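Working notes for the structure below.
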Amino acid sequence: AVSGKPVEAVFRRLTESGATKWHHIRAVRIQYEDSDKPTLIAIVTDVTNLKMTELNFQAQKRQLETVLRMSRVVTFEVDIATRTLYMSDPTVAKYGIDVNSIENMPDSLIEAGAIHPDSVDECRRMYDEIYSGIPEGSAIIRTLKRDGQFTIERLTYFTVYDESGRPIKAVGVDEGMETRSAAYLRVDLIARQYKVYSDNMLTITKVIVAEDSFELLKPEDIPEETKVNLKTYSELLEYRIAQIADPVDRALVRNKFCIDSLRKDQSDRGVLTHQYKVRDASGAVRWHMMSASAYMDQFDGRMYSFIRTQDITFRKNLEQLLGDDAKNETAMMGAYSFNMFSRLSDAYINSAERKGSCAVMLFTIRNYDDLLEQYGRIMLIDMLGGFVGKIMMVISTDHLSCYDGKRTMALFVPDARSEEALSRLAETILLILRNPAYFQFHEEVFMDFSCGISSSDESTAGFTELYEKASAALRSLDKQDNRHVAFA
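Per the working numbering, the very first residue in the sequence shown carries number 108; after that it's consecutive.
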């Protein structure tokens, strides 16, 4: 008999009861000499309980990679027969290389200078163990990163054997030993972003809560004689509170944003916000919003908070046009529900305050479904937080925004001066979304974004028409992979 190359796959099946079962199938085509028709022999195994089942390698590898990606750890494998290293996409992104496989391991990496001289012997030892079929092992090696710096990595592997017991592959995980906790990395990223994109903020302050200390991420117009006396965040807060018009608001801001309040675990409260009135230099009343978000560094237990102040006078004036209906739907960090978003947009379009052209811009993650299937909802939520936060960081406080909780962020631009200006805004937002310098997770490199835009002159009707045209422009990009921005 002559047999062909075996094939295998892992698939899901929906049972009559509605439950989902995972199965692994391995099949081979055999041609018997006494028959002119080929025979297909297949073995199907229920692998729903993966951890309690003796897995075939391919099914095991898929399960392992999914779990590791959700755990922020990247993966690699070594083909023993060919001495070839295969790397997952997150690993390639992490090290900034152009290929997913490297032959002649470990000599290729050593000769290329990717392994620190102090770690060459340890690297060779680990690969000697892999090629000898040692069941499992680990090594701590200094490797070259994409920024040109060496970092310490823990490489841990286990060996996979074929049916005869011969070692065929080693599957490993690559874990940084010098990396700071995810929370600290996020604090560092947000601080860098605010220093670059702060035009829509009046003040941005980074607070180290335990020390009652602060750093101004955006320069403020504070008199020098006052600034020298602001030694702590508590003193800075009192200086800002003194500018609030209403004594009730002053007390509320003091209670909500004082250092003792920031020291409490804010994980259950989310973002703290408060809106209040101030008087500018001319005596005119302005609306401001103060907000605070907290981040706990699980590595050293330090709590950090970012305190932001924005001028929201434009939005509050629009809300007042709707009267009492707007009181229960104020924006959280500027993002409205779709109902309020559309009503406020129409209120501006039909108001005497309208200056000219308006526009609706829709930003979407066009491979959202693929990301959800590959990384799962839990990890995607973290990535979506960055998607929304970066857009909110760039747009003007006069822009209205709405997020659908999934793939799309909508903006209403009340003063759309020109198509060129809208195009520049779209490209600015897409640039920060794609900039690896602002990635919190390696997997963000795989997010694919697009933008649909619709603008109107003074004669165009209302928000609904603008939104529908922007949606149509966005849909047109599905078949145009080389474009990321489309106008209606």
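Heads up, the beta-carbon is just placed ideally off N, CA and C, and yes, glycines get one too.
For clarity, every value in this text was computed on a predicted model and none was experimentally measured.
Tyr139 sits in coil when the DSSP states are folded into three classes, being neither helix nor strand. For Ser226, the CB contacts under 6 Å within the same chain, skipping 5 residues up- and downstream, are Ile248 and Arg249 in chain order. Here the alpha carbons of Ala149 and Asp186 stand approximately 26 Å from one another.
The Cβ atoms of Thr310 and Arg415 sit closer than 8 Å to each other. The residue among His591, Thr263, Val520 and Arg393 with its C-alpha nearest the C-alpha of Phe570 is Val520. Look at Gln382 here: in three-state DSSP terms it is strand. At a Cβ-Cβ threshold of 8 Å, Phe594 and Leu507 do not count as neighbours. Pairing Met516 with Ile498 gives a Cβ-Cβ distance under 8 Å. Annotation for Arg249: the continuous beta strand (DSSP E) segment containing it runs Glu243 to Leu251. In the three-state DSSP reduction, Tyr510 falls in the strand class (E or B).
DSSP places Ser400 inside the beta strand (DSSP E), whose first and last residues are Val392 to Met403. For the set Ala221, Tyr383, Arg299 and Gly240, the Cα lying nearest the Cα of Ala358 is the one of Tyr383. Glu322 is a Cβ neighbour of Lys313, given a cutoff of 8 Å.
Within its own chain, the residues whose Cβ lies closer than 8 Å to the Cβ of Tyr346, once the five positions on either side in sequence are excluded, are Ile329, Thr333 and Leu337, listed in chain order. Ranked by how close their Cα comes to the Cα of Glu218, the residues Glu342, Leu251, Pro197 and Ala317 have Leu251 in first place. Look at the region 419-489 and you find these whole runs of alpha helix (DSSP H), each 4 residues long or longer: 420-428 and 445-456.
Distance between Val278 and Arg190, taken at the CA atoms: about 13 Å. Rounded to the nearest whole angstrom, the CA to CA distance from Tyr202 to Ser195 is 11 Å.
Less than 8 Å separates the beta-carbon of Ala399 from that of Phe413. Taking 4 residues as the shortest admissible run, the region 529-585 contains the following complete alpha helix (DSSP H) segments, listed from N- to C-terminal end: 570-583.
For a cut-off of 8 Å, the C-beta gap from Gly493 to Glu551 is around 7 Å, short enough to register as a contact.
Boundaries of the alpha helix (DSSP H) harbouring Glu342: Tyr340 to Ile348, taken from the DSSP string.
Going by DSSP, Leu216 is part of the alpha helix (DSSP H) stretching over Asp214 to Glu218.
In this structure, the straight-line span from the alpha carbon of Val151 to that of Asp269 is close to 18 Å. Your pair Ile560 and Met410 does not check out as a contact, with CB atoms roughly 40 Å apart and the cut at 8 Å.
In the three-state reduction of the DSSP assignment, Gly279 falls in the strand class, which pools E and B.
Annotation for Glu527: no residue places its beta carbon closer than 6 Å to its own, counting only its chain and skipping 5 residues before and after. If you draw a 10 Å sphere on the C-beta of Ile137, you find fewer than 16 other C-beta atoms in it, and that means exposed.
When the Cα atoms are used, Pro274 and Tyr301 turn out to be separated by approximately 51 Å.
Separation of the CB atoms of Glu243 and Thr266 is rounded to 7 Å, and the pair is thereby assigned contact status at 8 Å. If you look at Leu359, you'll find it in the alpha helix (DSSP H) that goes Pro354 to Phe364. Apart from the 5 residues on each side of it in sequence, Leu262 sits with its Cβ closer than 7 Å to the Cβ of Met233, Ser245, Ala246, Ile248, Gly279 and Asp281 in its chain, given in chain order. Here Val501 carries a helix assignment [DSSP, helix/strand/coil]. Counted as a single uninterrupted DSSP element, the alpha helix (DSSP H) harbouring Arg232 occupies residues Val227 to Ser239. Taking the C-beta atoms as reference points, Glu184 is found nearer than 8 Å to Lys276. Following the DSSP letters along the chain, one finds Asp196 inside the alpha helix (DSSP H) bounded by residues Asp196 to Tyr202.
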